[in-house]
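Take a look at the structure below.
In my numbering, the protein residues as written are 537 to 1140.
Dropping the structure here:
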């Protein structure tokens, strides 16, 4: 295909179009974008249905589309990619064959992957994903934030790369088969207006190079400042960062996003939707979000005479539109079109950081996919190195080998030096929520019984079969020690038992009785005394042999009643000095013999 000023050059599987096929190419275009894979479309007139046979291509074949400008310069490569679709069409205009494809970035959209990246930066993760896709790795900008554990939970590689790029203000690209993860070009890098089209291909002047345009300046969604908030678990403090709303994507001398926002009071935008954990994360998120919001204050769509230099991510200058639209812009998307009627033209759009593509509008705007709602997990490790009651989890429904980061566990009454400590065991099935929808922030909210891990049986049925009332609440340990709060009619009370009922403490509310049982010895100790008071009732001590021992004396006081000491065999009372005294009558009596013996006996 040839126009007055340029020629479209196509190579498939490394070979140019055959002489008999080249004249059948009637249209072609190449799209590139900062937010999607670059794409190409080749349209052939094919009345005899022979084009695909002549080309010998199939899905997966390589393709390169270049443009040969008329001044004799070397062809400029617009795209190097892979064929992903072959189409045949027939309508009133004739029979056509269409070949479609993308650059290698399309590989990141294929399949869903579950993986964990440990102690890795965004640069490390991006490099690992590119290598896994079989791409050569080119320039990868260095990032500083180290993620202890970054999850890819049933997500495409593109979702992870775009999320990392958005969080770190980096762009994902493939140029000539080489993967890049780089900083975007600032609009200020564009050349200043002036000069000729040949000397300044990135300066577009209305009426000369710019054929059509639509420019918009809007205050919609503009704010004066952006604040991002988070929470530091380690220090139990709120995190916050505030940045002025300004963008590096568009530079208009006559107006700024902040000026537009102030026209309506200069509101602030507060973002709390991501659970940031470090001040550095909050600072970077505020800067990126401020740029994202501000970059939508101006939009531009235009069509220019064909120029291969006009690509997504390139900074250009627009001249001749007048104030406030003249200025510098960073291109978001472009289309290089080859058409018999219009020749070679380049259309482009500036839409800022917001993804205005159909995929972006319907896919959540780059928000990371996670399992919706709560999820079932299984505890794989409870040996928290911080001794903070955290566990690691597997999700058998998601992957056979994925393991989460350390997840906090919900503990009733948790606070400084207080609260319960009821951790799930390794192998337990648990219910998991994700903090603010982030798969990297799992929280265990409770354990679950199942067909294998069944509920323990208690002293009474859990639920009354007649009334449907709950009979008891129980706490049972792995070894079988248990505490039961029983509400069953006639059995109300509290039971504390060890395994096999070797030790039991029963507080019988119905019988107003406390029973303590031990298969072994019961020891009662009190450093400041022990008092057993039965009030007006009897106090019974029973045993095979009862011993009373004191270091400073023993006192037995019968109060207003009698004191009876009875022995079935001998009765022995021994002391250094012994005294038997009655305030009234004193009687010493022996059944058959009474023997009183001493060195000296006095009778008065």
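Glycine is no exception: its CB is placed at the ideal position from the N, C-alpha and C atoms.
Small disclaimer: the values here were computed from a predicted structure and weren't measured.
Boundaries for residue 822: no beta strand (DSSP E) harbours it, while the alpha helix (DSSP H) harbouring it runs 815–830, taken from the DSSP string. Taking C-alpha positions only, residue 676 is separated from residue 712 by approximately 15 Å. In this structure, 1046 is the residue among 1035, 1014, 1046 with its C-alpha nearest to the C-alpha of residue 1022.
The three-state reading of DSSP puts residue 780 in strand, counting E and B together.
The count of Cβ pairs closer than 8 Å, one atom from the segment 818–835 and one from the segment 873–888, reaches three, so the stretches are in contact.
In this structure, the beta-carbon distance from residue 969 to residue 910 falls below 8 Å. Between residue 723 and residue 866, the C-beta spacing is below 8 Å. Proximity of the segment 614–626 to the segment 689–697 falls short of the contact definition, fewer than three beta-carbon pairs being nearer than 8 Å. Just measuring C-alpha positions, the residue of 820, 1078, 602 sitting nearest residue 679 is 820. Restricting attention to 636, 635, 694, the CA atom closest to the CA of residue 663 is found in 694. Rounded to the nearest angstrom, the gap between the Cα atoms of residue 1133 and residue 1097 is 31 Å. According to DSSP, residue 978 shares a beta bridge with 970. Cβ atoms of residue 591 and residue 644 stay farther apart than 8 Å, at about 27 Å. Bounds of any beta strand (DSSP E) do not take in residue 997, whose DSSP letter is neither H nor E.
Counting only runs of at least 4 residues, the segment 623–660 fully encloses no alpha helix (DSSP H) element at all. Residue nearest to residue 603 within the set 1026, 881, 1130 is 881 (criterion: CA-CA distance). For the set 1056, 707, 671, 742, the Cα lying nearest the Cα of residue 714 is the one of 671. For residue 1035, the closest C-alpha among the options 1048, 1019, 685 is that of 1019. Here residue 1090 has 1084 as same chain residues with Cβ atoms under 7 Å from its own Cβ, once five neighbours each way along the sequence are excluded. Taking a contact to require three or more Cβ pairs closer than 8 Å, the segment 844–857 and the segment 564–584 qualify as touching. With respect to residue 822, residue 763 sits close: the two C-beta atoms are nearer than 8 Å.
Counting C-beta pairs closer than 8 Å gives three or more between the segment 784–794 and the segment 858–874, which meets the contact rule. In the DSSP assignment, residue 581 is bridged to 632. In this structure residue 544 is buried. Its beta-carbon is surrounded by 16 or more other beta-carbon atoms within 10 angstroms.
In this structure residue 666 is buried. Its beta-carbon is surrounded by 16 or more other beta-carbon atoms within 10 angstroms.
Assignment of beta-bridge partners to residue 685 by DSSP yields 654. Contact between the segment 1070–1089 and the segment 1051–1058 is absent: fewer than three C-beta pairs spanning the two stretches fall below 8 Å. By the CB criterion at 8 Å, residue 766 and residue 841 fall outside the cutoff. Bridge pairing for residue 882: 840, 872 [DSSP]. The beta carbon of residue 596 lies closer than 7 Å to those of 618, 619 in the same chain, with the five residues before and after it left out. The Cβ atoms of residue 797 and residue 760 lie closer than 8 Å to each other.
DSSP, read as helix, strand or coil, puts residue 847 in coil.
Annotated as distal: residue 963 and residue 955, with beta-carbon spacing of 8 Å or more.
Sequence-distant partners of residue 809 (beyond 5 residues in either direction) whose C-beta falls short of 7 Å from its own C-beta, in its chain, are 972. Rounded to whole angstroms, the gap between the alpha carbons of residue 936 and residue 930 is 8 Å. In terms of Cα proximity to residue 975, the closest of 685, 639, 584 is 685.
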